[in-house]
Structures are given as structure tokens and as C-alpha cells.
Amino acid sequence: MSNKAVIALYVLPSVLLILSIVYVPILFTGYYGFFDWNGGSDMHFTGLDNYRKLLRDRLFWDSAWHSLWFALMSTLSLIVYLLVALLLSGNLRGSNLLRKIYLVPMLLSSVAIAQLWLKVYHPSSGILNTFLESIGVKNTPDWLADPDIVLWAVFIPILWQYAGFYILIYYAALKNIPESIIEAARIDGASPLDIAFRIKVPLIGEVVKVTVVLAVVGSLKYFDLIYIMTGGGPNRASEVMASYMYSRAFKSFDFGYGSSIGFSLLLICLVATWLIRALTASRDKIEYGG
Amino acid sequence: MSKNRLNMAATSAAFVNRTSSRLGIKVGRGVLYIVLIAVAIVQVLPLVWLLLFSLKNNQEIFNLPPLALPERFRWENYANVWSRGKIDVYFFNSVMVTALSVLLTVLLASFVTFALTRMNWKWRAPVLGLFMVGYMIPIHSSLIPLFVLFRNIRLIDNPLSLILSYTAFNLPITIMIMLGFYYALPREIEEAAVMDGCSVHRLFFQIILPMTASVMVTAAIINMIYNWNEFVFVNTFISSDTRKTLTVGVQNFVGQYSTDWGAIGATLMISIIPVLLAYFIMSNRIVEGIAAGSVKG
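Which chain is which? The protein sequence lines are A and B, in order.
The first sequence: position 48 = 32 (my numbering), numbered continuously.
The second sequence: position 205 = 188 (my numbering), numbered continuously.
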């Protein structure tokens, strides 16, 4: 058996699988976007109609704005996670246990998280309003039914779910900084704050960039939690791109239009990734000395 | 004499300085711990509340303070939903789909990572790129064509549609987790094996696979968590109630018994216990796997 045959045998099954389940369907999503199609046998070519309609569809732009809002908030929350990781990474007893506790929500299914937070937010019996009432707040809000606060109410569980994940990544990166660099800075008289923000944070710059991409792209494709908690409601106040696509395709059975949304989602994710990479590209690479 | 006094003054000043800064450090540490422990409490409090209300009946849930213990733990909530809510069926389906997908993914990813790191071939870089970019692609962008594909080949409502999708979408992260480990494997063993006339297959199955057992376990447990928790594919591809997995099954159950909080709590607990248990036993591996799979991309 030649080496080529062995390589083909080892690699081809996976390549074919990822091509047929991930890559080829993406192309088809773009292609289906050219049709008026309810998923049945009736399929009419309509050219760019769906994409034109998309550009004028207020519901789409609203959902895109909500996705962007989540992306922005998730990126901002990275600052909090980074601060916690900085606190955690200074030789502290129990830091290993703490970061493991932080990670627990990340392990749960979005169904479990969504159902749990539906109960947390329950207007009369939820733990949140019960607590607010006990400290004397009157007219406690109905968190998920109020269009003005629903985005925030959905964002809190997201913050909660991913905290441990990003803290873990930052913590691991911070622990990778050679102790000698920190020691040298300390001998030169750098204060703990200087060490944290002028030495540690810049040194893990590359990791921070990766997390920004993860947070932005992750938010743009966010779906499960919102779909289960609010279904995009009330009155589409929490609709995001993925949930809009899903409701168009699998509830209204508008496969053509749903595909055009799905394809736009892909393009937006790729452009966002590229944009962040381009904007944060550093010309000089930081290298650890000694 | 005067010089001596000066010395003493200097030492005592230094002493005062040092104790005050030591006190500062102590207070700082205290505040630090309070902040960090507060974060930990926020992270687990909703789950503690979930555990408590899964063991109460509605009366206790609505009348007692949220974190109060019930008069007695109502384990019957668990027994009831297990059979009445068909949670047993969903649970078994989840175990099957998860186990088969994890096996397939880890095996395929091992093949690919082995070929990528241990052999020289022309298409190595593009193939690696194919898997790395795959990590960034939102499942919603391929969901409609996948649905159509599975409908055309009659795999809708068949667990195979889930297994294939989970494997394809998890290959990138699994390969990412494995790459670092494979790169670090010493080459001498392989060279010796090849010198002895060992075939590539024997080399892979009898030497490489056993050597990578540890990273395979890490990759498997990460895959297990992802597959166990997956929602969109099940919700889209599986229509019969008897073939649903836990996530969608739980979702249906909650829709039907939306007023019975104890039953809902018990159902949610049953769905998260396997993952929590795995975490309790293998937290180091999970932490390491999540870190390796996210940053090396």
C-alpha cells in the first residue's frame, strides 16, 4: 500500500464528511436564496428578489441590530472577565478551585440554562423578583415581557454562562507568562497595577484578540437561549439573526427567504472575523525574552 | 551613639513601613477573596436554587423562601418524571447518540491529526485550513440545505442525521485539541517501528493510538458535553417523540407541565447531572480541553 493510499484512507472520510455536512450546504444556502420556495416541490427561481427584500426588511435589520448589540455587550463583558482573571492569577490559594466553579454554567445545555432562567425571571415566584420584593421594591418588572428590558434580561444568562469560559482562557494565558518577566518588573519597582495592565495584559494580547473574535462571532450566531426563553419576543424585541432565519424557514416554511438570511449571517460572521483580525493586526510581535 | 540612634530610627521606620504594607496586602487579599468568592456564589446560586426546587412541591416552592429547605426532600419528583415524562426514553436516546458521535469523531479526528502531523503530503495545509475554518461557520448557515439533504436521503427523524452532523461540526475542535499533543509526540518510537518493518496501520493502531489515550479522553469528554447539550439539530431533524434526545425532550416536557415546578426542576436536574458528574470526576481534563480547543484556532 502506497503512502498516498494510506493518507487518502485516513483523511478522506473526514474531509468528505465536513464537505458534505458543512461546506456544500453553505453553498446551497446561498443558492436557495435565489428561489421562492416553501420546501416542497414548488420551487421558483426569482433571482435576487429575496436578497433585495432582505435589504428593505425592517425585521431583518432589527434582528441584525440585536445581534450586533449582543456582540458589543459580549465584547465589553470580556473586560470584566479579564479583570477577574487578573485577580485570580496572582498566586492565590484556591484559584484553581474557583475557576473550576466559575466554569460550571458553561457545561450546561442551553435548554437547561434557558428553563432555569425562565424560572429565575418568573414575575411572581422567580428568585429575582422574590428577592426584590423582600428588599422593598414594588412593581417588580416582568423581565421577559417588557420590550425595553428583554435584551438585557436575555444577556444576563449569557454573561453568566460564558464567564467561566473566558476567565479560564485568560487565566491559562496569564499563567503562561514567564515568572522571570514579572520578577524583573517587580525589581525595577513596577507597582502591581503596572504589572497587571502594562505587562500582563499586553503580553496576552494575541489571546485577547482570539477571545474578541470568539465573543463577536459567538454572539452573531447566538440562538438557542433566545429561541427558548423568548422566541424572539415580545413583539420581536429580542429577535436575532439566527432566530429570525429559523422562524422564517421552519415556522413560516419560507425556505428561500430563510436561506437568504442564513447566507447573510454567514457573510456577516466572516466579515466580522476578518475585520477584527485586520483592525487588531499588530506589526510587531511580542516575544518572551530569556 | 548618635549614629546608633539614627540606625535604630531607620530600622523602626522600615519596620512600621513593612507592617503597614503587610497589613495593606492582607486587607487587599481579603477584598480579593470576597470579590472572587462572590463571583463563585453568583455562578452556582441559580443551580442550588434549581436543586432545591426540584425537591419541593408547588406549595413549598410558592410559599417558602426560595432557598429554604423543604419539609422533606421530595425525590418522588424525579421518579415521576423519569417514567411519566418519558425522560427515560430521551435519556437513553441522548446516551446512544452522544456515545456513537463521540466514538466516530475521536476516531476520525485521530486519523486526520495523525496524517497531518506525521506524514508529508501536498494537500496538508489546505486540509488543515478546511478544518480550522470549519470552526467559524454558524450552523444556521447550513441548516436548511442539511434538512433538505437528510429529507432526500430519508434520514429525517433518524438518529444518524444527528450523529453525522455532530461528527462533522465537532471535527474541527477535536482536531484542534489533538494537534498540540501529536506535535509533541517523540518521533523516535515511530522511526524504530518503521525500521522494524511495522506497517502504517499497525503503527497507528498499536503504537500511536495507545500513546494518545490521554488526549483522546480529553477530546471525548469535550465532545460528550457538546453533543449531550445540542439543541438545534435535534429540534430540526427529529420529529418523533420517541427519538428525541434530552434537550428537546426536556423542552417538550416543560411545555406540557409548565405549572409543575418540582417536576420541571427534577427534569432539568436529570438532564444536567451526567455532565456535572463528568465534570466532578474529570474537571482537569475538561478545563484543559476547553482551553486547548478555543485558543489554538
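Glycine included, C-beta positions come from ideal geometry on N, C-alpha and C.
- Taking one beta carbon from each stretch, the segment 252 to 267 of chain A and the segment 25 to 37 of chain A have fewer than 3 pairs nearer than 8 angstroms; the two do not touch.
- H50 (chain A): member of the alpha helix (DSSP H) spanning 42 to 73, first to last residue.
- Just measuring C-alpha positions, the residue of A:G148, A:I188, A:D238, A:L112 sitting nearest V68 (chain A) is A:G148.
- Comparing alpha carbon positions, the residue from B:V78, B:L168, B:P169 closest to T230 (chain B) is B:V78.
- F164 (chain B) and E173 (chain B) have their alpha carbons spaced roughly 15 angstroms apart.
- Relative to N153 (chain B), the option among B:M194, B:A175, B:A202, B:A249 whose CA is nearest is B:A202.
- The straight-line gap separating the alpha-carbon atoms of K105 (chain B) and A246 (chain B) is approximately 57 angstroms.
- Taking a beta-carbon distance threshold of 8 angstroms, Y105 (chain A) does not count as an interface residue toward chain B.
- At a cut-off of 8 angstroms between beta carbons, I17 (chain B) makes no contact with chain A.
- Note on geometry: alpha-carbon atoms of D130 (chain A) and F56 (chain B) lie some 36 angstroms from one another.
- A147 (chain A) reaches chain B at V22, Q26, counting residues in chain order whose Cβ is nearer than 8 angstroms.
- Counting along the chain, M119 (chain B) sits inside no alpha helix (DSSP H), nor does DSSP assign it H or E at all.
- At the C-beta level, L111 (chain B) and T150 (chain B) stay beyond 8 angstroms of one another.
- In the three-state DSSP reduction, M90 (chain A) falls in the helix class (H, G or I).
- In the DSSP secondary-structure assignment, F214 (chain B) is not bridged to any residue.
- At a cut-off of 8 angstroms between C-beta atoms, T81 (chain B) does not count as an interface residue with respect to chain A.
- When the five nearest sequence neighbours on each side are left out, the beta carbons in the same chain lying within less than 8 angstroms of the beta carbon of Y166 (chain B) are those of T100, in order along the chain.
- Distance from the CA of D179 (chain B) to the CA of N160 (chain A), rounded to the nearest whole angstrom, comes to 40 angstroms.
- When C-beta atoms of the segment 237 to 249 of chain A are compared with those of the segment 4 to 19 of chain A, three or more pairs fall below 8 angstroms, so the two segments count as touching.
- Residues of chain A whose Cβ lies closer than 8 angstroms to the Cβ of L91 (chain B) are, in chain order, P(-3), S(-2), L1.
- In the displayed model, D20 (chain A) falls within a strand according to three-state DSSP.
- Counting only Cβ-Cβ distances below 9 angstroms, Q234 (chain B) has contacts in chain A at V95, A98, Q99, I212, in chain order.
- A direct Cα-to-Cα measurement between Q234 (chain B) and V138 (chain A) gives close to 18 angstroms.
- Between the alpha carbons of L204 (chain A) and I122 (chain B) lies a distance of about 12 angstroms.
- Here the alpha carbon of I133 (chain A) sits roughly 15 angstroms from the alpha carbon of S51 (chain A).
- The Cβ of F94 (chain B) sits closer than 8 angstroms to at least one Cβ of chain A.
- Of the candidates A:Y86, A:V8, A:L62, A:A157, A:A157 places its Cα closest to the Cα of G74 (chain A).
- As the crow flies, the alpha-carbon of A23 (chain B) is around 44 angstroms from that of F237 (chain A).
- In the DSSP assignment, M27 (chain A) falls within the unbroken beta strand (DSSP E) covering 27 to 29.
- In this structure, the beta-carbon distance from S94 (chain A) to F97 (chain B) does not fall below 8 angstroms.
- For the pair P155 (chain B) and D243 (chain B), the Cα-to-Cα distance works out to about 41 angstroms.
- Residues of the segment 46 to 61 of chain B whose Cβ lies closer than 9 angstroms to any Cβ of chain A, in chain order: P48, P49, L50.
- A48 (chain A) has a beta carbon lying at 8 angstroms or more from every beta carbon in chain B.
- A straight line joining the alpha-carbon of I264 (chain B) with that of T195 (chain A) spans about 28 angstroms.
- In the three-state reduction of the DSSP assignment, M102 (chain B) falls in the coil class, being assigned neither a helical nor a strand state.
- Residues of the segment 161 to 173 of chain B that bring their beta carbon within less than 8 angstroms of a beta carbon in chain A are absent altogether.
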